[in-house]
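Enquirer:
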């Protein structure tokens with residue numbers, strides 16, 4: 389059973405995503421590569437923007453994408469696959485950018501307005517784009533899987549890691565951390581997409597900038613070693629062991645298991661979660677929101693994951709003192725910042741994790757809203773989701789990890805099937821902006 393799981397989720401799924409990315413890059417003519425300046429201008433343009441800005445919707449999606457895996461998951465990937473794992477993460481991210489673009493464009497095209505709020509995501513372009521009985525069945529299946537993933541991967545996994553980090557660094561009881569987190573989570577969920585986006589639009593930039601500055605300072609201090617580091621990454625990338633580890637590393641950067649990272653992808657391209665956040669943007673140009681998805685993958689993997697990897701490799705000199713991801717990252721930063729590195733890393737994990745929890749709370753609510761009316765169920769969901777944060781803070785590691793991996797894998801297969809089915813819609817929206 390374990391071998392089947394490792395082959396299915398650990399090898400076949402990332403291969404499927406990579407092949408899909410290569411196909412869509414060719415199908416859409418690699419427009420963001422041929423027209424980089426126009427793509428960037430479209431990202432920062434305010435044309436077509438309404439009440440909820442595209443950048444605010446991006447911040448919500450980044451909150452769900454930038455989790456503890458960006459810090460600890462990268463460490464585990466490097467330990468397992470060597471320095472060359474970073475190279476394969478870059479390759480995977482490069483071809484996955486277009487998948488996130490495509491799914492966001494479809495979400496913008498098929499989103500709906502209901503009771504003053506905007507809802508969108510795979511379930512809506514499955515139902516209204518594919519249509520018929522098949523489209524409805526796919527939409528229900530995706531929504532059910534997404535609802536479960538919100539409680540497991542989006543909540544329990546993140547909060548468990550965060551509570552352990554708080555307890556070890558600040559000696560705060562896990563139950564107390566869970567209670568405080570539950571109260572904050574409930575308040576934000578009641579506020580809906582607007583409340584969540586207001587928090588993430590402030591929290592995510594601050595967190596990201598702080599982590600960037602800390603990491604870049606390390607690179608400046610060891611600047612003369614950077615060329616040799618690149619050479620080591622490239623040389624190691626094409627060894628058999630590192631190529632294998634790199635594929636696993638691409639898979640492992642999206643989820644944290646205490647000591648062992650497995651499961652999801654760092655940037656979640658193709659998973660179908662990001663479209664639910666981006667659909668909340670009030671813009672009339674689907675391709676505009678789509679190119680922000682390209683930036684999202686670039687920032688998540690090419691920037692943040694790379695900086696984490698560089699700090700680890702510069703601090704370790706190729707000799708890792710531990711195979712525990714969290715401890716390795718703390719040790720690496722401690723080489724440059726002393727004992728305070730533990731506080732910095734722990735605080736980063738907690739804040740990134742909490743941002744992920746509230747974002748996934750919104751994803752789960754969108755999935756629930758597709759399955760049943762939110763009038764009464766929405767309030768029960770807010771309470772249940774918030775209460776689970778208390779359980780997650782005090783629970784021990786369990787089979788929820790394996791279940792999370794499986795549900796996210798199934799979500800990805802269903803979503804990419806729908807994206808492929810509706811590929812002509814994606815190309816039509818792309819050609820309206822970038823031409824044929």
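In my numbering, the protein residues as written are 389 to 824. The beta carbon of each residue, even a glycine, is placed where N, CA and C say it ideally should be.
For residue 708 versus residue 716, is the C-beta spacing smaller than 8 Å?
Expert: As a working note, residue 708 is residue 320 in the chain shown. As a working note, residue 716 is residue 328 in the chain shown. Cβ distance < 8 Å, so residue 708 and residue 716 count as in contact.
Enquirer: Using only the alpha-carbon positions, how far apart do residue 484 and residue 804 sit?
Expert: Looking up residue 484 in the chain shown gives position 96. Looking up residue 804 in the chain shown gives position 416. Near 12 Å, if we compare the C-alpha coordinates of residue 804 and residue 484.
Enquirer: Which runs of the alpha helix (DSSP H) fall wholly inside the region 715 to 793 and span at least 4 residues, in chain order?
Expert: 729 to 759 and 762 to 782
Enquirer: Can you check DSSP and say which residues form a bridge with residue 530?
Expert: On the chain shown, position 142 is the one that residue 530 refers to. Partner(s): none; residue 530 has no beta bridge.
Enquirer: Is the distance from the Cβ of residue 775 to the Cβ of residue 496 below 8 Å?
Expert: Along the chain shown, one-based indexing puts residue 775 at 387. Along the chain shown, one-based indexing puts residue 496 at 108. Going by C-beta atoms, residue 775 is not nearer than 8 Å to residue 496.
Enquirer: Could you tell me which residues DSSP puts in a beta bridge with residue 694?
Expert: Along the chain shown, read from residue 1 onward, the residue named residue 694 stands at position 306. Answer by DSSP bridge pairing: none, since residue 694 is not bridged.
Enquirer: To the nearest angstrom, how far is it from the Cα of residue 547 to the Cα of residue 701?
Expert: Stepping through the chain shown from its first residue, residue 547 is reached at position 159. Stepping through the chain shown from its first residue, residue 701 is reached at position 313. C-alpha separation (whole angstroms): 28 Å.
Enquirer: Look at residue 744 and residue 542 and say whether their C-beta atoms are less than 8 Å apart.
Expert: Numbered from 1 along the chain shown, position 356 holds the residue referred to as residue 744. Numbered from 1 along the chain shown, position 154 holds the residue referred to as residue 542. Result yes, Cβ atoms of residue 744 and residue 542 sit closer than 8 Å.
Enquirer: With residue 462 and residue 693 assumed to form a contact (beta carbons below 8 Å), what rounded beta-carbon distance in angstroms separates them?
Expert: Stepping through the chain shown from its first residue, residue 462 is reached at position 74. Stepping through the chain shown from its first residue, residue 693 is reached at position 305. Residue 462 to residue 693, Cβ: 5 Å. Contact.
Enquirer: Using 10 angstroms around the beta-carbon of residue 665, count the other beta-carbons present and answer buried if the total reaches 16, otherwise exposed.
Expert: To locate residue 665, count along the chain shown from 1; it is residue 277. Residue environment: residue 665 is assigned as buried (16 or more neighbouring CB atoms within 10 Å of its CB, all protein chains considered).
Enquirer: Can you find the residues in the same chain that come closer than 8 Å, C-beta to C-beta, to residue 595, ignoring five residues on each side of it along the sequence?
Expert: Taking the chain shown and counting its residues from 1, one reaches residue 595 at position 207. Here the set comprises 454, 736, 739, 740 and 743.
Enquirer: Pull up the CB-CB distance for residue 753 and residue 766, whole angstroms please, since I reckon it's below 8 Å.
Expert: Counted from its first residue, the chain shown places residue 753 at position 365. Counted from its first residue, the chain shown places residue 766 at position 378. Contact between residue 753 and residue 766 holds: CB atoms are separated by about 6 Å, below the 8 Å threshold.
Enquirer: Residue range of the beta strand (DSSP E) that residue 505 falls in?
Expert: In the chain shown, residue 505 corresponds to position 117, counting from 1. Residues 505 to 507.
Enquirer: Rounding to the nearest angstrom, what Cα-Cα distance links residue 722 and residue 615 in this structure?
Expert: In the chain shown, counting from the first residue as 1, residue 722 sits at position 334. In the chain shown, counting from the first residue as 1, residue 615 sits at position 227. Distance between the alpha carbons of residue 722 and residue 615: 23 Å.
Enquirer: Compute the Euclidean distance between the alpha carbons of residue 820 and residue 814, then round it to the nearest angstrom.
Expert: Position 432 of the chain shown, counting from 1, holds the residue named residue 820. Position 426 of the chain shown, counting from 1, holds the residue named residue 814. Each residue's Cα considered, the two are about 10 Å apart.
Enquirer: State the Cα-Cα distance for the pair residue 714 and residue 562, rounded to the nearest angstrom.
Expert: Counted from its first residue, the chain shown places residue 714 at position 326. Counted from its first residue, the chain shown places residue 562 at position 174. The straight-line gap from Cα to Cα measures roughly 17 Å.
Enquirer: On the three-state DSSP scale, how would you describe residue 502?
Expert: In the chain shown, counting from the first residue as 1, residue 502 sits at position 114. In this structure, residue 502 counts as strand in the three-state DSSP scheme.
Enquirer: Taking only three categories from DSSP, how would you classify residue 795?
Expert: Indexing the chain shown from 1 puts residue 795 at position 407. Helix.
Enquirer: What's the gap between the Cα of residue 796 and the Cα of residue 537?
Expert: Start at 1 with the first residue of the chain shown, and residue 796 comes out as number 408. Start at 1 with the first residue of the chain shown, and residue 537 comes out as number 149. Between residue 796 and residue 537, the C-alpha separation is close to 7 Å.
Enquirer: Leaving out the 5 sequence neighbours to the left and right, which residues in its chain are closer than 7 Å to residue 751 when beta-carbon positions are compared?
Expert: Here residue 751 is taken as the residue at index 363 of the chain shown, counted from 1. Cβ neighbours of residue 751 beyond the five flanking positions: 452, 534, 538, 542, 661 and 664.
Enquirer: Taking its Cβ as the centre, do 16 or more other Cβ atoms sit within 10 Å of residue 573, making it buried, or is it exposed?
Expert: By 1-based counting over the chain shown, the position of residue 573 is 185. Counting Cβ neighbours within 10 Å, residue 573 comes out buried, since at least 16 surround it.
Enquirer: Report yes if the C-beta distance between residue 705 and residue 471 is below 8 Å; otherwise report no.
Expert: As a working note, residue 705 is residue 317 in the chain shown. As a working note, residue 471 is residue 83 in the chain shown. No, Cβ-Cβ distance for residue 705 and residue 471 is not below 8 Å.
Enquirer: Express the C-alpha separation of residue 560 and residue 414 in angstroms, rounding to a whole number.
Expert: Counting from one through the chain shown, the residue named residue 414 turns up at place 26. Counting from one through the chain shown, the residue named residue 560 turns up at place 172. Between the C-alpha atoms of residue 414 and residue 560 there is a straight-line separation of about 51 Å.
Enquirer: If we cut at 8 Å on Cβ distances, does residue 745 have a partner in chain B?
Expert: Among the chains of the structure shown, chain B does not appear; only one protein chain is present.
Enquirer: Within 10 angstroms of the Cβ of residue 407, are there 16 or more other Cβ atoms? Answer buried if so, exposed if not.
Expert: Mapped onto the chain shown, residue 407 falls at position 19. Exposed: under 16 other Cβ atoms inside 10 Å.
Enquirer: Out of curiosity, what's the CA-to-CA distance linking residue 657 and residue 517?
Expert: As a first step, residue 657 must be located in the chain shown, where it is residue number 269. As a first step, residue 517 must be located in the chain shown, where it is residue number 129. C-alpha separation (whole angstroms): 20 Å.
Enquirer: Going by beta carbon distance, what residues of the same chain come within less than 8 Å of residue 756, once the five residues before and after it are set aside?
Expert: Here residue 756 refers to the residue found at position 368 when the chain shown is read from its first residue. Excluding sequence neighbours, residue 756 sits near 531, 535, 762, 765, 766 and 769.
Enquirer: Would you mind stating whether residue 489 and residue 499 have Cβ atoms separated by less than 8 Å?
Expert: Start at 1 with the first residue of the chain shown, and residue 489 comes out as number 101. Start at 1 with the first residue of the chain shown, and residue 499 comes out as number 111. No, the Cβ-Cβ distance between residue 489 and residue 499 is not below 8 Å.
Enquirer: Mind checking whether residue 403 and residue 570 have CB atoms under 8 Å apart?
Expert: By 1-based counting over the chain shown, the position of residue 403 is 15. By 1-based counting over the chain shown, the position of residue 570 is 182. Cβ distance not < 8 Å, so residue 403 and residue 570 don't count as in contact.
Enquirer: Report yes if the C-beta distance between residue 698 and residue 617 is below 8 Å; otherwise report no.
Expert: Your numbering for residue 698 matches position 310 in the chain shown. Your numbering for residue 617 matches position 229 in the chain shown. Their beta carbons are under 8 Å apart, which means residue 698 touches residue 617 by this criterion.
Enquirer: Would residue 817 and residue 669 be called neighbours here (beta carbons separated by less than 8 Å)?
Expert: Counting from 1 along the chain shown, the entry for residue 817 is found at position 429. Counting from 1 along the chain shown, the entry for residue 669 is found at position 281. Not closer than 8 Å, so no.
Enquirer: How many whole angstroms separate the CB atoms of residue 412 and residue 487, which I take to be in contact at a CB cut-off of 8 Å?
Expert: On the chain shown, position 24 is the one that residue 412 refers to. On the chain shown, position 99 is the one that residue 487 refers to. Yes, residue 412 and residue 487 are in contact; Cβ-Cβ is about 6 Å, under 8 Å.
Enquirer: Use the C-beta contact count for residue 679: other C-beta atoms within 10 angstroms, 16 or more gives buried, fewer gives exposed.
Expert: Locating residue 679 in the chain shown gives position 291, where the first residue counts as 1. The residue is buried, with at least 16 neighbouring Cβ atoms inside 10 Å.
Enquirer: Helix, strand or coil for residue 403, going by three-state DSSP, please let me know.
Expert: As a position in the chain shown, residue 403 is number 15, starting the count at 1. In the structure shown, residue 403 sits in a helix (DSSP, three-state: H, G or I).
Enquirer: Is residue 469 helix, strand or coil by DSSP?
Expert: Walking along the chain shown from the start, residue 469 turns up at place 81. Looking at residue 469 - three-state DSSP - the assignment turns out to be helix.
Enquirer: For residue 491, which residues in the same chain have their Cβ closer than 6 Å to its Cβ, ignoring the five residues on either side in sequence?
Expert: As a working mapping, residue 491 is identified with position 103 in the chain shown. Only 663 and 807 meet the Cβ criterion.
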